[in-house]
Structure formats: structure tokens, C-alpha cells
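Note that the numbering used here has the sequence shown beginning at 863, numbered continuously upward. The C-beta atom is built at its ideal place from N, Cα and C for all residues, glycine as well.
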Amino acid sequence: MRNRNILALTLATAATLAAAASTALPAAAATAAQPANSRTAGGHCPQLSKKLTWYGDNRAKLQRMIDERGRCSNPHLGHGEKRPVAAFDWDNTITKNDVTDATIAWSLRHDKILRPKTWKSTSKWMTDEADRALTKACGTSVPVGKPLPTSTNTACADEIFEVREDGKTMSGAAAFAGEWDHRHTVPQYAWVPQLFAGHTVRELETYAAKARKEALAAPIGSTQTVGTHEIPGYVRYYDQQRDLIRTLKKAGFDVYIVSAGSEPVAEVWAAGKGGVGIDRKHTIAIRSVLDRKGRITTWNQGCGDVPVNKGEAIPYIDGKRCWINQEIYGVKGKSAWDKQDWRHRIALGGGDADTDVTFVGDATGAHLVLNRNKSEFMCRAYDNADGRWVVNPMFIEPLPQKSGTYPCSTTAYNEHDGSKGPVLREDGSVVPDQQDSVY
């Protein structure tokens, strides 16, 4: 079986990817805390396409970062110095719409979800109410480990998708309860690969590939029905992001995907024909543990000081920082959760939601934000503390301007215990409420 990033059940800790880390060179506006060996761009860096539309002067801002950090400004890259790193979220950052939802929708419409022994066994946080709702809707007549008829059983498809989408049952009861670090995981995200327990990685890749083909062929704006849920029926790669990734790679950057989705699904979309040319080694997402027969289990690979687990440490908010530090920079143990020094952070980060705010904020050269009106993320972006935040509307079907202001000074920050608080700068000052101005 080919080498993969998903570990066997007998392994207790993650195998670290090759440390293709970056010592991304300081920008022209480097602070005293950054390295002092700033170089001036040589003017011959690969250029972003001028045929593709960016908001305002965003293309120029990103080009300036490429000029500062690429081979053009550092002739030693590739000769002993580590390459600069760019890291991107996937869903609604590289593509319009969610490829995980597309894969789940396809799987539900084609009877690919296997009946678990009990629904409660699929997640350590699943409530009794959710267990009862799923059991009632999906029944017990199908043998354990066999496909549920979700293509015809609307109630079963509805309950599964509602738990995945909103963390609730169709009656509105909480599907998950208990304690978890709300900046390290969210149960309904962790539940996605757990939902595919019993399948091999190859089977899940096949489902993702078929869903991809279907979603790329569907017209922009189209919808599909899953149970009684109406969701987007199409997915598109953003041409601007494809061009940005291609230009970064030509300029000498190592480019990674860091997603809170299931890793086999992200790999299919990142490396697939017509995609963005990012291989498996450079794709980081939720990594399921396999059993001895190579089948996906409800266990996940861990990060930092969190060993193999049931979903406690996925690439989510601070978890994305942990996975970047561990897999790209080789940081071990508890320190992987901490913000690293300037030379051990990515040069460019790109995302669209609060789940991306930490790793995008860690970037030293540019923080690219696609505006989906997510409060904590947009508070950081509009506050623009280091002058390197680049805010762009979604390239396809952008959202209208948010009414009112983002509640940065009161309730925009996602606390570890699940409560809400003010967004603070590094010096402890409160970010004032922000108006939505890029839409």
C-alpha cells in the first residue's frame, strides 16, 4: 500500500512530514524583532496574472510579498536556505463552496454511509438525544457495517446532514455536549471522517472524486437536495487562487493546504487534474487512524501534546497553528500550540473563516482574507495591526456588506471554553468594533 499520512491504529504518535520549513525573508517594513538581513526585490519575480480581477490594490500587495520573499530577492534559496512557506485553508478559500459537504451529499445520495454499531460510538461528545434521533431515523434493520439506504430514507439523510451542518438534530436538540477546547476542535467537523469509519481510504477518495466531477460540472448558482436540505450543488476553483499558488511555487515557495476537512477528500481536490497542483505531502487535514485492515476508524492522529484521540486536536483555529508547527516546522510537544519565532512562521496565510484566524495571523508577509463575514477573522483583518492584511470579497457570488459592525470589542473572540469575548491585540488592547468595508 502506498505511503500515506494516515497512520495505522497501532501507532501512538504522528509521523512528521519532511520539514520543508521556511525562513521567509523579512519584508521591507520588518520590525526590530525580525531578522535584519532584509533584501530589496530584484524585479524579476514571477508575476501574478493581470487578466484576473482582484479587489483594489490586492494584487499589488500580494506581488510585493512575493517579490520580498521569493527567489528574486534571495539567491540563496535552494542552496542551503529553507524555502518560504505559504499555507491556505481549502473550503471557500481555494474553492467556492465546501468540498466536504459535496462529498457527504454525494455519499448520502449513493448509500455510502455504513451503519455504526451505535451512533454514540461515532463521537465521544454525541448526546443521547442525537443517538436516539439517528437510530430512529436510520433504523436498525440494516446490519452493522452495511450501507444505510440514505438515498431513499429522507429522515436518515436529514438527521446525518443536520448533525454535520449545525451540530443539532432535526428537532433542534444539541447533537454534541461535554467539554472540549473550542479553539482546538469542533465535534461536527471531527465527526465527518468518523462518519466514514469502516471504509478504506481508497473508497473515500473515490467518493470524493465522483463528488468533485459532479460539482464542477454543475452550473454556478445551482443547488442540490440532501434529505430535505437544500445546499449548493456546485463547486469552483477560484482562478485567482490557482494563479496565486502557481506564482508562489514558481517564486520558490513551499505551498501547503491546511484544512479542517477529512484529509483524503482534501487531497483529491488539491492534487486532482485541473486542481491547484498541491500533492499529498503538502496537504494537511484531519488524519484518521486506520485499523489493521486499512479501514478508517473513529480515531484521529494527534498534534502537539495530544496523542491519538477521538477528535480533540483537529486543524481548527489554534489547531491549524499546531499542525503547521508540527508538520512543516517540526515543532514537538506542547510548544506546537504556541506562536513561533519569526523564522519559524509562514510567509503567507490565506483563509475565509474564524477557523483560519490563528494561522493566517501568524504569517509574516501577508494575511489573505476572503470576506465571509466571520466576526473574529474580520476584526483582525480590518484592524490591520501590522499593515499586511489583504481583504478580498469572494471571487464568485460575494456576500453583500454586513449590516452594523463586527462586535470586536465585546463578543467576536471565540474563547477556549466556548464563550465569547473581546478581540485583543498582542499588547492586550481591545480591537474596536469594525465596519465591513470590502464586499
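{"Query": "Roughly how many whole angstroms lie between the Cα atoms of Ala-1274 and Ser-1237?", "Result": "5 Å"}
{"Query": "Using a Cβ distance threshold of 8 Å, determine whether the segment 1229–1236 contacts the segment 1251–1260, with at least three qualifying pairs required.", "Result": "yes"}
{"Query": "Pick from Asn-1246, Ile-1176 and Trp-1251: whose alpha carbon is nearest that of Asp-1043?", "Result": "Ile-1176"}
{"Query": "Identify the residues that DSSP records as bridge partners of Tyr-1268: which are they?", "Result": "Gln-1296"}
{"Query": "Which residues mark the beginning and the end of the beta strand (DSSP E) in which Ile-1146 is found?", "Result": "1145–1148"}
{"Query": "Hey, would you say Met-927 sits closer than 8 Å to Ala-1209, going by beta carbons?", "Result": "yes"}
{"Query": "Which value, in whole angstroms, describes the spacing of the CA atoms of Arg-933 and Asp-1105?", "Result": "18 Å"}
{"Query": "What does DSSP give as the partner residues of Ser-1124 in its beta bridges?", "Result": "Ile-1148"}
{"Query": "So if DSSP puts Thr-1087 in a beta bridge, which residue, or which two residues, is it bridged to?", "Result": "Glu-1092"}
{"Query": "Taking just the CA atoms, how far does Phe-1239 sit from Val-1300?", "Result": "13 Å"}
{"Query": "Could you tell me the alpha carbon to alpha carbon distance between Ser-1013 and Thr-1062, rounded to whole angstroms?", "Result": "21 Å"}
{"Query": "With the cut-off set at 8 Å, would you say Ile-1179 and Ala-949 are in Cβ contact?", "Result": "no"}
{"Query": "Between the alpha carbons of Asp-1167 and Ser-1084, how many angstroms are there, rounded?", "Result": "44 Å"}
{"Query": "Mind checking which residues open and close the beta strand (DSSP E) that includes Pro-1255?", "Result": "1251–1255"}
{"Query": "Per DSSP, which one or two residues make a beta bridge with Asp-953?", "Result": "Thr-957"}
{"Query": "Measuring CB atoms only, is the segment 956–973 touching the segment 1021–1030, in the sense that at least three cross pairs come out at less than 8 Å?", "Result": "yes"}
{"Query": "Quick one, which of Lys-982, Glu-1067 and Pro-1169 has its alpha-carbon nearest Phe-860's?", "Result": "Residue numbering for the chain in the displayed model covers 863 to 1301; residue 860 lies beyond these limits and cannot be assessed."}
{"Query": "What's the C-alpha gap between Asp-1214 and Gly-1192?", "Result": "26 Å"}
{"Query": "DSSP three-state call for Gly-1283: helix, strand or coil?", "Result": "strand"}
{"Query": "Between Met-1240 and chain C, is any beta-carbon pair separated by less than 8 Å?", "Result": "Absence of chain C from the displayed structure is noted, only one protein chain being present."}
{"Query": "Is Pro-897 buried or exposed, if buried means 16 or more other CB atoms sit within 10 Å of its CB?", "Result": "Low per-residue confidence applies at Pro-897: pLDDT is 40, beneath 50, and the placement is therefore not dependable enough to give any value."}
{"Query": "Here's a check: name, in chain order, each residue in its chain whose Cβ is nearer than 6 Å to the Cβ of Ser-1291, leaving out the five neighbours to either side.", "Result": "none"}
{"Query": "Looking at Gly-1227 and Arg-931, is the spacing between their C-beta atoms short of 8 Å?", "Result": "yes"}
{"Query": "I need the DSSP call for Val-1168, collapsed to helix, strand or coil.", "Result": "coil"}
{"Query": "Helix, strand or coil, according to DSSP, for Tyr-1301 in the structure here?", "Result": "coil"}
{"Query": "If you draw a straight line from the alpha carbon of Lys-912 to that of Ser-1271, how long is it in whole angstroms?", "Result": "38 Å"}
{"Query": "Could you tell me which residues DSSP pairs with Lys-1030 in its beta bridges?", "Result": "Ala-1036"}
{"Query": "Measuring alpha carbon to alpha carbon, tell me which residue in Leu-1078, Gly-1095, Lys-1111 and Val-1117 is nearest Thr-1136.", "Result": "The question names Thr, but residue 1136 in the sequence shown is Gly. When only C-alpha atoms are compared, the closest one is Leu-1078."}
{"Query": "Per DSSP, Ile-1119 forms a beta bridge with which residues?", "Result": "Phe-950 and Thr-1145"}
{"Query": "Would you mind sorting Gly-1107 into buried or exposed? The rule is 16 or more other CB atoms within 10 Å of its CB.", "Result": "Looking at the sequence itself, residue 1107 is Ile, so the reference to Gly does not match. With 16 or more other Cβ atoms within 10 Å, it is buried."}
{"Query": "Taking the DSSP output, what are the residues bridged to Arg-1098?", "Result": "Lys-958"}
{"Query": "Label His-1144 either buried or exposed according to how many other C-beta atoms from any shown protein chain fall within 10 Å of its C-beta, with 16 as the threshold for buried.", "Result": "buried"}
{"Query": "Pop quiz: Asp-1020 and Ala-999 are said to be a contact at Cβ under 8 Å. What is the actual Cβ separation, rounded to whole angstroms?", "Result": "7 Å"}
{"Query": "Do Thr-989 and Ala-1017 have their C-beta atoms closer together than 8 Å?", "Result": "no"}
{"Query": "Mapping DSSP to helix, strand and coil, what is Leu-910?", "Result": "coil"}
{"Query": "On a CA-only basis, which of Pro-1260, Lys-923, Asn-1276 and Asn-1246 is nearest Gln-1296? Give me that one, please.", "Result": "Asn-1246"}
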